[in-house]
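Residue numbers (our numbering): 1 to 112.
Structure representation (structure tokens):
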């Protein structure tokens, strides 16, 4: 009496090497090309990140966006940011909006 699992076929044998059809080989080639592109992109991104850190750190230069510069400032000066947040909480939203209406136009004139 033979069990159905006792026979080995080429599909179930662990040492059997299947040869892909031409269509399957094209798909495998495309997958390999995509993996190479992803590896190259990952390396380029790491190099760009290293150059950016080397050039200006997290604060960035004058051409960096306002959000990047603010994040860099917050990383470099955590106590100043905490103090400003505390002042903002004490002052309240109405005063903050009023002062922003005065200070922001002055800052915009200074940027020009």
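Glycine included, every Cβ here is placed at the ideal spot set by N, Cα and C. Note that the coordinates shown come from a computational prediction; the quantities given were computed from them, not determined experimentally.
According to DSSP, is residue 86 helix, strand or coil?
Of the three classes helix, strand and coil, the one that applies to residue 86 here is helix, per DSSP.
Taking the continuous alpha helix (DSSP H) assigned at residue 18, which residues delimit it?
Run containing residue 18: none; DSSP gives neither H nor E here.
Spatial neighbours of residue 20 in its chain, beta-carbon cut-off 7 Å, leaving aside the 5 residues before and after
Closer than 7 Å at the Cβ level, and outside the excluded window around residue 20, lie 28.
Start and end residues, alpha helix (DSSP H) containing residue 72
Its alpha helix (DSSP H) spans residues 66–76.
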